[in-house]
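Asks:
2 protein chains.
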Amino acid sequence: MPYGADQDMQDLLARAQRTSGLLSGGPPLDPAFVIDTLAPHMTPERLARIDAVLAGRTYTVATVVEGLVNTGNVRAVMRTAEGLGFQDFHVITGGEVFKGSERVSQGAEKWLDVHVWDSPAACARHLKERGFAIVATHLDEAAVPIDAVDFTQPTALVLGNERDGVSEAMLALADRRVVIPMTGFVQSFNISVAAALGLYHAYRDRLARQGYHGDLTEEQRLRLRAAYCLRSVRRAPEILQRALARSEG
Amino acid sequence: MPYGADQDMQDLLARAQRTSGLLSGGPPLDPAFVIDTLAPHMTPERLARIDAVLAGRTYTVATVVEGLVNTGNVRAVMRTAEGLGFQDFHVITGGEVFKGSERVSQGAEKWLDVHVWDSPAACARHLKERGFAIVATHLDEAAVPIDAVDFTQPTALVLGNERDGVSEAMLALADRRVVIPMTGFVQSFNISVAAALGLYHAYRDRLARQGYHGDLTEEQRLRLRAAYCLRSVRRAPEILQRALARSEG
């Protein structure tokens with residue numbers, strides 16, 4: 001758990017990790033069994049909605065937020081990432097005291113794979129081991145326009161906080177520094193706007209380069225469909241337990 | 250002035266109109282005279298910055314916000330529009346009580362042509378007389394994806410408030426209804442994020458279709474350069490008055 005986080009942020013991250021973790025890291029349940037067991041408890045519309053969402057989902061581009069001091073900002077970025085189909089969401093905490101805020105994510109964390117890291121190094125190691133290029137949004141001489149990035153390749157887009165941007169530690173670990181074009185007098189956008197511009201750019205870039213955005217493998221699609229069923233059905237754990245008992249009994 | 254607006258919003262809009270109005274509607278001063286008189290009071294860096302901003306400016310796409318109840322949201326949208334080079338900014342007020350908020354626009358209103366309207370009809374009339382297509386962002390059956398819009402043509406992008414979206418009155422006046430793609434479970438973005446997505450989409454669409462974004466005429470460029478000099482030099486009115494007296498004396 002992040003140190004220094006207030007209760008609101010702790011709740012958000014704990015809840016996100018709890019739901020994310022249900023089927024990851026050696027799942028005790030077969031995704032197909034979960035889906036078959038829970039599907040009768042869902043409306044056809046809900047199942048169709050889940051499939052529509054899955055069709056637009058990707059793990060190829062991950063969102064990383066670092067040092068956000070405002071829970072509301074984290075929620076806003078989660079909401080945008082979820083709405084645009086970016087499934088992996090990394091939160092790097094680090095001694096910051098989070099300030100509570102009104103809810104703005106509408107529970108978007110429920111539909112994302114949320115990963116919480118105590119340090120930029122731990123997050124970067126995880127990403128690099130999985131072949132992600134780390135792209136930090138940062139305005140300096142070494143930065144190139146975001147157009148230069150090919151978002152059809154595994155890419156983690158790192159967004160820093162409003163005051164300090166991405167940390168020096170994270171910049172040192174990043175493969176590239178990019179800027180989002182700004183042609184006006186205003187020198188920065190607020191973090192939820194900057195995240196929206198960066199993620200929408202990545203979304204459009206993927207469409208322009210390859211003609212599609214969602215690109216789950218069959219295994220990812222199955223696992224995520226099971227996770228979404230779990231998160232959609234009230235009392236899903238009890239229903240699954242009863243079904244397990246029957247199949248074993 | 251909007252009725253029902255609180256002091257914060259009134260201040261914002263009054264300041265914006267005051268600066269916008271300095272050179273519009275039958276300017277008392279020749280723009281070239283303003284520039285020549287004020288240029289010696291500015292650093293070369295400032296003048297270069299003004300020219301760089303002018304190069305990325307357009308009047309072809311206008312931003313319209315309607316019924317925003319939160320001053321902070323208006324400021325955030327202004328900041329995004331300014332940062333992306335969209336010069337014309339319309340605010341439709343209408344009996345809403347504005348809630349004050351922290352400053353987030355960083356004075357972006359200073360660099361925009363801000364127009365304030367009491368009703369959707371008055372705003373739409375102004376836009377239609379000038380040949381703008383009115384495009385409302387609205388999620389319903391009649392809406393098409395925003396990709397369908399050609400933002401190289403004169404277009405006003407209308408953004409409604411978070412609770413109700415664009416008003417029925419404005420929808421009836423709109424030429425098209427568009428949606429910003431959302432592939433997730435989240436059904437809406439917050440207004441500053443929705444505005445960022447819509448305006449960034451328009452910016453990229455212009456680049457993709459015609460290869461450039463900024464498209465001021467020489468007359469617009471000259472007038473806006475004069476306006477930016479006026480807004481950049483402290484005591485500009487006094488300096489201009491002295492210069493006028495000299496030239497007449």
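Taken in order, these protein sequences are the chains called A and B.
Under my numbering, read the first sequence as residues 1 to 249, first letter to last.
Under my numbering, read the second sequence as residues 250 to 498, first letter to last.
Heads up, the beta-carbon is just placed ideally off N, CA and C, and yes, glycines get one too.
(1) Could you give the uninterrupted runs of the beta strand (DSSP E) lying entirely in the region 359-394 of chain B, keeping only those of 3 residues or more?
(2) Looking at C-alpha atoms only, which residue of B/441, B/278, B/295 is the closest neighbour of residue 482 of chain B?
(3) Got a sec: which bits of the region 298-316 of chain B sit with their beta carbon under 7 Å from any beta carbon on chain A, in order along the chain?
(4) Hey, which unbroken runs of the beta strand (DSSP E) at 3 residues or more fall wholly within the region 277-346 of chain B?
(5) With a threshold of 8 Å between beta-carbons, can residue 211 of chain A be considered close to chain B, or not?
(6) Within 10 angstroms of the Cβ of residue 490 of chain B, are there 16 or more other Cβ atoms? Answer buried if so, exposed if not.
(7) Which residues in chain B sit within 7 Å of residue 197 of chain A, going by Cβ to Cβ distance?
(8) By the 7 Å beta-carbon criterion, what residues does the region 417-447 of chain B contribute toward chain A?
(9) Who are the neighbours of residue 108 of chain A on chain B, taking C-beta pairs under 8 Å?
(10) At the 8 Å Cβ level, is residue 227 of chain A part of the contact set with chain B, yes or no?
(11) For a contact meaning CB atoms closer than 7 Å, what does residue 82 of chain A contact in chain B?
(12) Please go through the region 406-481 of chain B and give each complete alpha helix (DSSP H) segment of 4 or more residues, from N-terminal end onward.
(13) Just to confirm the assignment, what range does the alpha helix (DSSP H) spanning residue 237 of chain A have?
(14) What are the residues that DSSP puts in a beta bridge with residue 155 of chain A?
(15) Just the C-alpha distance for residue 243 of chain A and residue 37 of chain A, rounded to the nearest angstrom, thanks.
(16) Which bits of chain B does residue 76 of chain A rub up against, with CB to CB less than 9 Å?
(17) Return the CA-CA distance between residue 161 of chain A and residue 136 of chain A, expressed in angstroms with no decimal places.
(18) Would you report the Cα separation of residue 339 of chain B and residue 42 of chain A, rounded to the nearest angstrom?
(19) Could you tell me which chain A residues have their CB closer than 8 Å to the CB of residue 409 of chain B, listed as they occur along the chain?
(20) Using a beta-carbon distance below 8 Å, is residue 85 of chain A in contact with chain B?
(21) Under a Cβ-count criterion, where at least 16 other Cβ atoms within 10 Å of its own Cβ denotes burial, should residue 217 of chain A be classed as buried or exposed?
(22) Between the Cα of residue 472 of chain B and the Cα atoms of B/360, B/454, B/328, which residue gives the shortest distance?
(23) When DSSP labels each residue in this structure, what does residue 150 of chain A get in the three-state scheme?
(24) In chain A, what lies closer than 7 Å to residue 453 of chain B by C-beta?
(25) CB residue 369 of chain B to CB residue 419 of chain B, shorter than 8 Å?
(26) Does the Cβ of residue 53 of chain A have 16 or more other Cβ atoms within 10 Å, making it buried, or fewer, making it exposed?
(27) Quick check on the burial criterion: 16 or more other C-beta atoms within 10 angstroms. Buried or exposed for residue 56 of chain A?
(28) When you compare the CB of residue 271 of chain B with every CB in chain A, is at least one pair closer than 8 Å?
(29) Report yes or no: is there a C-beta of chain A within less than 8 Å of the C-beta of residue 463 of chain B?
(30) Can you list, in chain order, the residues of its chain with a C-beta nearer than 8 Å to that of residue 194 of chain A? Leave out the 5 residues immediately preceding and following it.
(31) Report the option in B/382, B/476, B/416 whose CA atom is closest to the CA atom of residue 402 of chain B.
(32) At a Cβ threshold of 8 Å, is residue 360 of chain B touching chain E?
Replies: Result, derived from the coordinates:
(1) Scanning the region 359-394 of chain B from its first residue to its last, the whole beta strand (DSSP E) runs of 3-plus residues come out as 362-366, 382-386.
(2) Answer by Cα proximity: B/295.
(3) Cβ proximity to chain A below 7 Å picks out 302, 305 from the region 298-316 of chain B.
(4) Complete beta strand (DSSP E) runs here, min 3: 310-315, 337-341.
(5) Residue contact with chain B for residue 211 of chain A: absent (no Cβ-Cβ distance below 8 Å to any residue of chain B).
(6) So residue 490 of chain B counts as exposed.
(7) The answer, in chain order, is 445, 449.
(8) When C-beta distances to chain A are compared with 7 Å, the residues of the region 417-447 of chain B below that value are 431, 432, 433, 434, 435, 438, 439, 441, 442, 445, 446, in chain order.
(9) The contact set of residue 108 of chain A on chain B, defined by CB atoms closer than 8 Å, consists of 433, 434, 435 in chain order.
(10) Chain B has no Cβ within less than 8 Å of the Cβ of residue 227 of chain A.
(11) Around residue 82 of chain A, the beta-carbon contacts reaching into chain B at under 7 Å are 433, 434, 435.
(12) Within the region 406-481 of chain B, the complete alpha helix (DSSP H) segments at least 4 residues long are 417-422, 440-459, 467-481, listed from N- to C-terminus.
(13) Annotation: the continuous alpha helix (DSSP H) that includes residue 237 of chain A extends over 236-248.
(14) Looking at the DSSP assignment, residue 155 of chain A forms a beta bridge with A/61, A/133.
(15) Each residue's Cα considered, the two are about 7 Å apart.
(16) By Cβ distance, chain B contributes 438, 439, 441, 442.
(17) Computed Cα separation, rounded: 12 Å.
(18) Spanning the two alpha carbons is a distance of roughly 45 Å.
(19) Here the premise fails: no neighbours, minimum Cβ distance about 17 Å.
(20) With 8 Å as the cut-off, residue 85 of chain A counts as an interface residue toward chain B.
(21) Residue 217 of chain A is classed as exposed because its beta carbon has fewer than 16 other beta carbons within 10 Å across all chains shown.
(22) It is B/360 whose Cα lies nearest to the Cα of residue 472 of chain B.
(23) Per DSSP, reduced to three states, the secondary structure at residue 150 of chain A is coil, with no helix or strand assignment.
(24) Residues of chain A whose Cβ lies closer than 7 Å to the Cβ of residue 453 of chain B are, in chain order, 204.
(25) Closer than 8 Å, so yes.
(26) It is buried - the Cβ of residue 53 of chain A has at least 16 other Cβ atoms within 10 Å.
(27) With 16 or more Cβ atoms within 10 Å of its Cβ, residue 56 of chain A is classed as buried.
(28) For residue 271 of chain B, the pLDDT reaches just 49, beneath the cut-off of 50, and the residue's location in the model is therefore unreliable, although a value from the coordinates is still provided. No, no contact with chain A.
(29) Taking 8 Å as the threshold, the shortest C-beta distance from residue 463 of chain B to chain A falls below it.
(30) Hits under 8 Å: 137, 159, 180, 188.
(31) Ranking B/382, B/476, B/416 by Cα distance to residue 402 of chain B puts B/382 first.
(32) Given the protein chain composition of this structure (A and B), no chain E is represented.
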